[in-house]
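Some notes on the structure that comes next.
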Amino acid sequence: MRFRPVRTWLSWWVAAFLVCLGPGLHAVDTTRINGIDYVPLAEIGGSLGMDVQWLKSGERLRLKSEWTTMDFTVHRRDFTLNGTTLNLGWPIGTKGGQLYLSEVDYEKTLQPVLTPQVFDHVPKLYRIVIDPGHGGKDPGAQNRGLKVAEKTVVLDVAKRLKANLEKLGYKVSLTRDDDRYLELTDRSAVANRARADLFISLHFNATGSSSVSGLETYVFTAENMPSSSRGKLLGSDRRDYDGNENDTWNMLVGYYVQRELVDQTHADDRGVKRARFTVLRDLQMPGILIEGGFVTSSSEGPKIGSASYRQKLADAIADGVVTYQRTLNRLRGRG
Ligand SMILES: [Zn+2]
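Residues 10 to 344 (this note's numbering) make up the sequence shown, in order.
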């Protein structure tokens, strides 16, 4: 099922049962490329009943079904799913003229969004903790010319998002509801104590160049996968943390939120990314961290400074949560 040799009759039956439950891969051999286990994208497409089309022979491959189009490019560390960018742990590999996806990306990036029905322990969704980043002595990212401070605008988006989600019937709380400093570990502790079902940390970005803009949604890095900012495994990547318990659901909600944010704001899509952020590391529930744009961008900074754009961000995030809820309901209704 997950490319591991089936060692006992019992696990064979478990594998056969899972294959019956949903589209999955079986009898697909892994191939080592640069020391990493990879699986052929053409076989993944075939097992999912998708058409396999070369957009450029040996370089760009499309997997397509009625509802889903995925485009992969050799050596790139991302791909698009119905136009939304998902960053990968490892680049798309090539061997013998075929393109390959790493096994860990198949399990941790592709399956959660394409075939979440193959995973157990579908979470419920009622209590949501929203975490406006920074606060108090820590202003976060700043654009002094525009008088925009990250700690202020994230709190505003958090309050708007809380109101949206409460209207939908969720029980929502904030890690801070005023201009107060909180340690990173206190933020996840608040969510764990509240027995939240979802944690959403809100941030804005900054960089030296005013031409850099765009949205990112982060999930906690999976075990044995490098974070998006690095190309190699660190010692800390070989461990699994509490935050890894929900790798599947982190990815699923991250994808839906990123998709809605980009669709509704038309901001640059920097994709769903992975990082070992302290604020996500100890979570006992699914969680994401949103970088809602660059306050330093000449195009995005003024928008972030406007209340109507911040409302648009809150609306998009709430819509992403609703889509995630619908999928959880569908998965739970399955059995
Ligand atoms: Zn921040």
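We treat Cβ as the ideally placed atom computed from N, Cα and C, and that holds for glycine. In this text, all values refer to a predicted model and were calculated from it rather than measured experimentally.
| Going by the C-beta, is residue 213 closer than 8 Å to any heavy atom of ligand 1? | The answer is yes for residue 213.
| Exposure of residue 111, with buried meaning 16 or more beta-carbon neighbours within 10 Å | Burial call: buried.
| Assigned exposure category for residue 62 - 16 Cβ within 10 Å defines buried | Counting Cβ neighbours within 10 Å, residue 62 comes out exposed, since fewer than 16 surround it.
| said: Quick check on residue 63: does DSSP put it in helix, strand or coil? | reply: Assigned with DSSP and collapsed to three states, residue 63 falls in strand.
| query | Can you list, in chain order, the stretches of the alpha helix (DSSP H) that have 4 or more residues and sit fully within the segment 156-199? | reply | Correct list: 159-176.
| Considering only the beta carbon of each residue, do residue 257 and residue 120 sit closer than 9 Å? | Yes, these two residues count as a Cβ contact at 9 Å.
| task | Go ahead and label residue 75 buried or exposed: buried means 16 or more other beta carbons lie within 10 angstroms of its beta carbon, across all protein chains shown. | result | Under this definition residue 75 is an exposed residue.
| request: Return the residue from the list 197, 89, 238 that minimises the CA-CA distance to residue 291. | output: It is 197 whose Cα lies nearest to the Cα of residue 291.
| Three-state class that DSSP yields for residue 100 in the structure shown | In the structure shown, the three-state DSSP call for residue 100 is coil.
| Cβ of residue 130 versus every heavy atom of ligand 1: is any distance shorter than 8 Å? | Not so, every heavy atom of ligand 1 lies at least 8 Å from the Cβ.
| Any chance the CB of residue 225 is under 8 Å from a heavy atom of ligand 1? | False, no ligand heavy atom lies under 8 Å from that Cβ.
| task | In angstroms with no decimal places, state the Cα-to-Cα distance between residue 322 and residue 301. | result | Cα-Cα distance, rounded: 8 Å.
| task | Using the Cα positions of residue 40 and residue 153, report the straight-line distance between them to the nearest angstrom. | result | For residue 40 and residue 153, the gap between their C-alpha atoms comes out near 52 Å.
| task | Enumerate, from N- to C-terminal direction, the unbroken alpha helix (DSSP H) stretches of 4 or more residues contained entirely within the segment 253-294. | result | Taken in chain order, the complete alpha helix (DSSP H) segments of 4 residues or longer contained in the segment 253-294 are 256-274, 287-290.
| Beta-bridge pairing of residue 141 - partner residues as DSSP gives them | Answer is 211, bridged to residue 141.
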